[in-house]
Amino acid sequence: MVLKDLVFRTRSYRRFDESYQIAYETLESLIDLARLSASTANRQPLKYIICNTPDRCNRVFPSLAWAGYLKEWDG
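When we follow the numbering used here, the leftmost residue of the sequence shown carries the number 98, and every step to the right adds one.
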C-alpha cells in the first residue's frame, strides 16, 4: 500500500464495541509497535498503561480529555 492510500484511510475512532474484549497480549504487542514510532529528538516521552478492565478504565477515564473539541457530544 502506498503512503497516499494510508493517509486517506486514516481517521480517529471515538466509538467502540465494548462487548469485544482485546487480549492483554495483543494490547502489549500494539504498544510495543507504538513505542517504536518517531518522537521529537527521539526522546520517547510517552508512557503507556493497558486498561482493559472496566474498573481500570473507570479509574483512568476522568483524566482524559476525551473528544475535547466536541463539548456537546455524549459519545
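By construction, the Cβ of each residue, glycine as well, lies at the ideal position given by its N, Cα and C atoms.
Compare the Cα-Cα distances from phenylalanine 113 to each of Asn149, Lys168, Ser160 and Glu169 and report the closest residue.
The count along the sequence shown starts at 1 and reaches residue 113 at position 16. It is Asn149.
Using three-state DSSP, classify proline 142 as helix, strand or coil.
As a first step, residue 142 is located in the sequence shown; it is residue number 45 there, counting from the start. Coil, per DSSP.
In chain order, what residues of the same chain have a beta carbon less than 6 Å from the beta carbon of isoleucine 147, not counting five sequence neighbours either side?
The residue given as residue 147 occupies position 50 in the sequence shown. If we look at isoleucine 147 and ignore the five residues flanking it on each side, its Cβ neighbours are Leu124.
Taking 8 Å as the threshold (C-beta atoms), are isoleucine 128 and tyrosine 145 in contact?
For this step, residue 145 is matched to residue 48 along the sequence shown. For this step, residue 128 is matched to residue 31 along the sequence shown. Yes, Cβ-Cβ distance for tyrosine 145 and isoleucine 128 is below 8 Å.
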